[in-house]
Amino acid sequence: MMNNAAVEIDRLHVRRGSVRVFDGVDLTIPRGQITGLLGPSGCGKTTLMRSIVGVQKIASGTVTVLGEPGGSRQLRHRVAYGTQGAAVYGDLSVRQNLAYAASLLNAPKGDVDRVIDEVGLRAQAGQLVESLSGGQSTRVSLGMALIGAPELVVLDEPTVGLDPVLRSELWQLFRELADRGVTMIVSSHVMDEAQRCDRLLLMREGRIIADTTPASLLEETGTTDAEAAFLALIERDRSDSAPRSRREAREQDAREQEAGE
Amino acid sequence: MSIRRTFATAGRVLAQLRHDPRSIALMLIAPSLLVGLFAWLFSDKEGVFDQFGGAILALFPFIVMFLITSITTLRERRSGTLERLMTTPLGKPDFILGYALAFGLMALLQAVITVTFAVWVCGLDVDGPLWQLGLVAVVDALLGTALGLLASAFAQTEFQAVQFMPLLVFPQIILGGLFMPRDQMPDVLHAISDWLPLSYAIDAIGAVAAGDEGWDVYGPLLIVLAFAVGALLLASLTLRRRTR
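Heads up: the protein sequence lines correspond to chains R and X, in order.
All the letters of the first sequence, read from the start, carry residue numbers 117 to 377 under my numbering.
All the letters of the second sequence, read from the start, carry residue numbers 216 to 459 under my numbering.
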């Protein structure tokens, strides 16, 4: 049977020291769509993405990506990850960075040139990345994730610090990729980017507080823009969870655990 | 393990280095300058440079490569590029060997230049063949690279990485037999020095300088190589695909 979900997360627990980053996250991300991961900084977006690409140590739970266990060897050709900030070599040229990624993935010859055009760095191809502007080096980092033919592309805040024109161009590129059947997971804290996604996951304090679409988000909250909708949801979530004392929380956890077993 | 990815990584590291001519110059010329300083210091004392010059040849490639490797790999760990590489098909041994290969090549160049300078300019007198002196220098540099890779796993900042140098390197220099023949050391220190790779590097250099042949040269050299391989293995174990 063909598994239709790109990512399936079941009761994911992640701890960092004594802090529980995730305490039982369940999640399904469909294939071939752009899923936006939104939420205030520190809410666990990056940890969730790291869990999906398999570089996050997880305490328990399962992450299934494209039908395989997350982070498994078979996935390393099929999943691409663009880290937050430009994880590129500043002392190499744009072309050298992309060529290194291409040789690791055994990508076809023309891939480097295709990606250079896709991220709009034709004129800077021979320049050292450290001599580029912040937005340009972000695009190099994005380009590294587009080398080869990944089926799932996970991008952590790829448009941060870019001007509106460039942001719009990149979202067009994400849309083209999704139309080609690539599953895109893109995090952002710019709420107006929410409208560009097919699905939205809103996170707060290590929990998914909404799994919805842009249209029903607005409808449900009775607001007209994503930012207001998001604030409304956060407010609602806060008032839901605020009266919960530590003891209540423990008892609820115990109940959930029993229910889970 | 993939030869193609190992070479791609080595090529990438060398390409990075090529954009940094100042580091290349420091790597290739600094050991010669220090050997020259040493020769000048003892220019009036007959035979002293011949006695210590060889050992200096063993030390500098080791120290320089230790520092360069630990800092570059630490930079890779901290900049996010290592995390990104760990999501690609690149194997951990490919990564470590790629670095060892690239810096090993630099070590070879460094050894050729430093040995040439020590012998032709400073007049270092060795009884054994010169290529053996170069070989010991290369193996020492490899050891430095391997230990540097390992040390970078335990450093969180560049500042810490540099502090590892005195901690890991100085005791080896002091106990290596350069200041006092190892068999004259207090028993405990002698026993410790038997477990330090640099002691064998200095033994090997001494054997070449004295014109010894066969196992007197290759025995200690193999021990140094074994330490280097061991450190590379450990370093590749410290790489983790999943981190906190």
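Quick reminder that beta carbons are idealized off the backbone N, C-alpha and C, glycines included.
Problem set entry | Spatially closest choice to Ala406/X from Ala422/X, Gln387/X, Val423/X and Ala424/X, by CA coordinates | Gln387/X
Problem set entry | Terminal residues of the alpha helix (DSSP H) in which Pro156/R lies | Looking at the DSSP string, Pro156/R is not in any alpha helix (DSSP H), and its letter there is neither H nor E.
Problem set entry | Contact with chain B by Gly295/X, beta-carbon distance below 8 Å | Of the protein chains in this structure, namely R and X, none is chain B.
Exercise. If you draw a straight line from the C-alpha of Gly426/X to the C-alpha of Asp342/X, how long is it?
Worked result: 4 Å
Exercise. Does the beta carbon of Ala348/R come closer than 8 Å to any beta carbon on chain X?
Worked result: no
Problem set entry | Close beta carbons around Ile278/X, own chain, < 8 Å, minus the five adjacent residues each side | Gly359, Met380 and Val384
For this session: Kindly list, in the order they appear in chain R, the residues whose Cβ is closer than 7 Å to that of Met301/X.
Result: Val171
Exercise. To the nearest angstrom, how far is it from the Cα of Met117/R to the Cα of Gly183/R?
Worked result: The predicted model places Met117/R with a pLDDT of 39, which falls under 50 and marks its position as unreliable; any figure quoted below should be read in that light. So the alpha carbons of these two residues sit roughly 10 Å apart.
Exercise. Does the segment 281 to 293 of chain X come close enough to the segment 362 to 377 of chain X to have 3 or more Cβ pairs within less than 8 Å?
Worked result: yes
Exercise. How many Å lie between Gln252/R and Thr275/R at the Cα?
Worked result: 11 Å
Exercise. Asp207/R CB to nearest chain X CB: under 8 Å?
Worked result: yes
Exercise. Where does Glu335/R fall in DSSP's three states?
Worked result: helix
Exercise. In three-state terms, what does DSSP make of Met118/R?
Worked result: Low confidence applies to Met118/R: its pLDDT is 49, below 50, so where it sits in the model is not reliable enough to give any reading.
For this session: Verify whether the separation of the beta carbon atoms of Gln371/X and Met242/X is less than 8 Å.
Result: no
For this session: Can you pull the chain R residues whose beta carbon is under 9 Å from the beta carbon of Arg457/X, in chain order?
Result: Arg166, Gly170, Val171, Gln172, Lys173, Ile174 and Gly187
For this session: In angstroms with no decimal places, state the Cα-to-Cα distance between Glu377/R and Arg299/X.
Result: For Glu377/R, the predicted model reports a pLDDT of 48, less than 50, meaning its position is unreliable and no value from the coordinates is stated.
Exercise. Which partner residues does Val269/R have in the DSSP bridge list?
Worked result: Ala196/R and Met300/R
For this session: From the DSSP output, read off the bridge partner residues of Leu244/R.
Result: Ser209/R
Exercise. Hey, does Gly338/R have any beta-carbon neighbour from chain X nearer than 8 Å?
Worked result: no
Exercise. Going by the beta-carbon positions, is the gap between Gly206/R and Gly295/X smaller than 8 Å?
Worked result: no
Exercise. What did DSSP end up calling Glu377/R once you bin it into helix, strand or coil?
Worked result: Confidence at Glu377/R is low in this model, with a pLDDT of 48, below 50, so the placement of that residue is unreliable and no value is reported for it.
Problem set entry | Thr163/R versus Gly148/R: straight-line alpha-carbon distance, rounded | 22 Å
Exercise. Taking contact to mean at least 3 C-beta pairs separated by less than 8 Å, is the segment 305 to 324 of chain X in contact with the segment 442 to 454 of chain X?
Worked result: yes
For this session: Please report how far the alpha carbon of Thr303/X lies from the alpha carbon of Leu221/R, in whole angstroms.
Result: 7 Å
For this session: Quick one: measure Cβ to Cβ for Thr221/X and Leu316/X, integer angstroms, because I've assumed they're closer than 8 Å.
Result: 7 Å
Exercise. Hey, is Ala468/X's beta-carbon within less than 8 Å of any beta-carbon in chain R?
Worked result: Outside the shown range of chain X (216 to 459) lies residue 468/X, about which nothing can therefore be said.
Problem set entry | Beta-carbon separation (whole angstroms), Val112/R vs Val130/R, contact threshold 8 Å | Nothing about residue 112/R can be reported from this structure: the residues present for chain R run from 117 to 377 only.
Exercise. Under three-state DSSP, which class holds Val231/R?
Worked result: helix
Exercise. What number of angstroms, rounded off, separates the C-alpha of Ile438/X from the C-alpha of Phe318/X?
Worked result: 20 Å
Exercise. Just how far apart, CA to CA, sit Leu334/R and Arg211/R?
Worked result: 42 Å
Problem set entry | Burial state of Ser209/R, where buried means 16 or more other Cβ atoms lie within 10 Å | buried
Exercise. For the segment 186 to 195 of chain R against the segment 252 to 267 of chain R, are there 3 or more C-beta pairs whose distance is under 8 Å?
Worked result: yes
Exercise. Between the segment 330 to 344 of chain R and the segment 302 to 313 of chain R, do three or more beta carbon pairs fall short of 8 Å?
Worked result: yes
For this session: Assign Ala326/R to one of three DSSP states: helix, strand, or coil.
Result: strand
Exercise. Anyone know if the C-beta pair for Ile301/R and Ile174/R falls short of 8 Å?
Worked result: no
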